[in-house]
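Asks: The numbering of the sequence shown is the UniProt record's numbering, which starts it at 1 and goes up by one. Pasting in a structure now, in structure tokens, and then I'll have a few things to ask.
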Amino acid sequence: MDKLFNKYYDRLMQPLETKIFGRIRKQLLSKAKGKVLEIGSGTGINFLYYEFADQVIAIEPDPMMLEQSLIKAREATVPIEVVPGDAQKLPYPTNSFDSIVGTLVLCTIPDPAKALAEIHRVCKPEGTILIFEHVRLNHLVLGKIQDWLTPVWKRLCVGCHLNRNTLETVEQAGFRVVQTTSMCRELFLVIEARIK
Ligand SMILES: C[S@@+](CC[C@H](N)C(=O)[O-])C[C@H]1O[C@@H](n2cnc3c(N)ncnc32)[C@H](O)[C@@H]1O
Numbered sequence: 001m002d003k004l005f006n007k008y009y010d011r012l013m014q015p016l017e018t019k020i021f022g023r024i025r026k027q028l029l030s031k032a033k034g035k036v037l038e039i040g041s042g043t044g045i046n047f048l049y050y051e052f053a054d055q056v057i058a059i060e061p062d063p064m065m066l067e068q069s070l071i072k073a074r075e076a077t078v079p080i081e082v083v084p085g086d087a088q089k090l091p092y093p094t095n096s097f098d099s100i101v102g103t104l105v106l107c108t109i110p111d112p113a114k115a116l117a118e119i120h121r122v123c124k125p126e127g128t129i130l131i132f133e134h135v136r137l138n139h140l141v142l143g144k145i146q147d148w149l150t151p152v153w154k155r156l157c158v159g160c161h162l163n164r165n166t167l168e169t170v171e172q173a174g175f176r177v178v179q180t181t182s183m184c185r186e187l188f189l190v191i192e193a194r195i196k
């Protein structure tokens with residue numbers, strides 16, 4: 001199942017990308033500047049949207065996704081280096097990136113608080129983090145349905161949780177949230193946050 005999901009990820013996502021995600025990615029990634037780290041870059045779906053970054057380092061733990069992303073990295077307009085890696089243990093010095101990007105990834109990383117602590121460490125003091133996620137709905141019934149579906153969903157979609165409260169986790173990691181935008185009745189959230 002994991003292999004199929006990873007192999008056909010772009011095709012599965014295509015309708016959502018065309019209808020809604022593409023626009024969100026374009027707007028969010030236009031804010032990625034200087035030296036950029038992207039965590040869990042998957043098939044490199046974001047790469048074509050980087051316009052103002054000087055350099056992007058993209059880490060991705062899944063070899064099949066990483067392989068697909070190498071083609072997109074070559075087609076990008078900014079230099080992109082894709083490397084295997086785990087956001088929970090970043091192999092970079094403290095204060096090394098101007099912007100850190102994570103899209104649809106904090107839902108999947110086993111310990112998002114650990115990943116955010118690492119992001120906090122490697123982000124420069126004046127740096128920005130740019131996040132786009134689906135999150136748990138603040139609705140008595142719908143939130144419970146997401147809790148109920150998550151164990152099955154996780155198995156189908158390679159560890160993806162439907163019920164994470166990502167905004168809270170970002171705040172608890174010590175970031176200052178400067179902007180949030182929600183879409184689709186608050187199912188999707190775009191977060192821009194800073195260290196201070
Ligand atoms: C749903 S995909 C999203 C891919 C891409 N970021 C996007 O926006 O379409 C989730 C991604 O998280 C990655 N991932 C899972 N665990 C991770 C970890 N510990 N560190 C970094 N990335 C991880 C997966 O390999 C996969 O590429």
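Glycine is no exception: its CB is placed at the ideal position from the N, C-alpha and C atoms. All figures in this text were calculated on a predicted structure; none of them were measured in a lab.
#1: Between the segment 112-124 and the segment 2-17, do three or more beta carbon pairs fall short of 8 angstroms?
#2: Just to confirm, does L104 get its C-beta within under 7 angstroms of one of the non-hydrogen atoms of ligand 1?
#3: So within the segment 19-67, which uninterrupted beta strand (DSSP E) runs reach at least 3 residues, ignoring any that extend past its ends?
#4: Hey, M65 and G42 are a contact pair by Cβ (cut 8 angstroms); roughly how many whole angstroms apart?
#5: Using a Cβ-Cβ cutoff of less than 6 angstroms, which residues in the same chain neighbour L106 once the five nearest sequence positions on both sides are dropped?
#6: If contact is defined by three or more beta carbon pairs under 8 angstroms, each pair taking one atom from either stretch, is the segment 89-102 in contact with the segment 23-32?
#7: Compare the Cα-Cα distances from W153 to each of N46, K114 and T108 and report the closest residue.
#8: Counting C-beta neighbours from all protein chains within 10 Å, is the total for I59 16 or more, i.e. buried, or is it exposed?
#9: For a test of the three-state rule: what should DSSP assign to F175, helix, strand or coil?
#10: Give me the Cα-Cα distance between A185 and G143, rounded to the nearest whole angstrom.
#11: I need the straight-line Cα distance from L37 to I57, nearest angstrom please.
#12: Count the other CB atoms within 10 Å of the CB of D54; is the residue buried (16 or more) or exposed (fewer)?
#13: Can you tell which of L187, G174, C157 and K19 has its C-alpha closest to the C-alpha of A117?
#14: Does the beta-carbon of T103 have 16 or more other beta-carbons within 10 angstroms, so that it is buried, or is it exposed?
#15: Ligand 1 and P61: does any heavy atom of the ligand fall closer than 7 angstroms to the residue's C-beta?
#16: Tell me the DSSP secondary structure of E186 in three-state form.
Replies: With the given structure in hand:
#1: no
#2: In the sequence shown, the residue the question calls residue 104 occupies position 104. Yes, the beta carbon of L104 sits closer than 7 angstroms to at least one heavy atom of ligand 1.
#3: 34-39 and 53-59
#4: In the sequence shown, residue 65 corresponds to position 65, counting from 1. In the sequence shown, residue 42 corresponds to position 42, counting from 1. Their Cβ separation, rounded to whole angstroms, is 5 angstroms, which keeps M65 and G42 in contact under 8 angstroms.
#5: Position 106 of the sequence shown holds residue 106. Contacts found: P112, E133 and T166.
#6: yes
#7: For the purposes of this step, residue 153 is identified with residue 153 of the sequence shown, where counting begins at 1. Cα-wise, what sits closest to W153 is T108.
#8: The count along the sequence shown starts at 1 and reaches residue 59 at position 59. The residue in question, I59, is buried, as its Cβ has 16 or more Cβ neighbours within 10 Å.
#9: As a working note, residue 175 is residue 175 in the sequence shown. Coil.
#10: If you number the sequence shown from 1, residue 185 lands on position 185. If you number the sequence shown from 1, residue 143 lands on position 143. Correcting the residue identity first, residue 185 is Arg in this sequence and not Ala. If you take the alpha carbons of R185 and G143, they lie about 12 angstroms apart.
#11: Your numbering for residue 37 matches position 37 in the sequence shown. Your numbering for residue 57 matches position 57 in the sequence shown. L37 and I57: Cα-Cα distance of roughly 5 angstroms.
#12: Looking up residue 54 in the sequence shown gives position 54. Under this definition D54 is an exposed residue.
#13: The residue you call residue 117 lines up with position 117 of the sequence shown. Residue G174 is the option with its Cα nearest to A117.
#14: Residue 103 sits at position 103 when you count from the first residue of the sequence shown. T103 should be labelled buried.
#15: Position 61 of the sequence shown, counted from the start, is the residue given in the question as residue 61. Yes, the beta carbon of P61 sits closer than 7 angstroms to at least one heavy atom of ligand 1.
#16: The residue you call residue 186 lines up with position 186 of the sequence shown. Here E186 sits in coil by DSSP.
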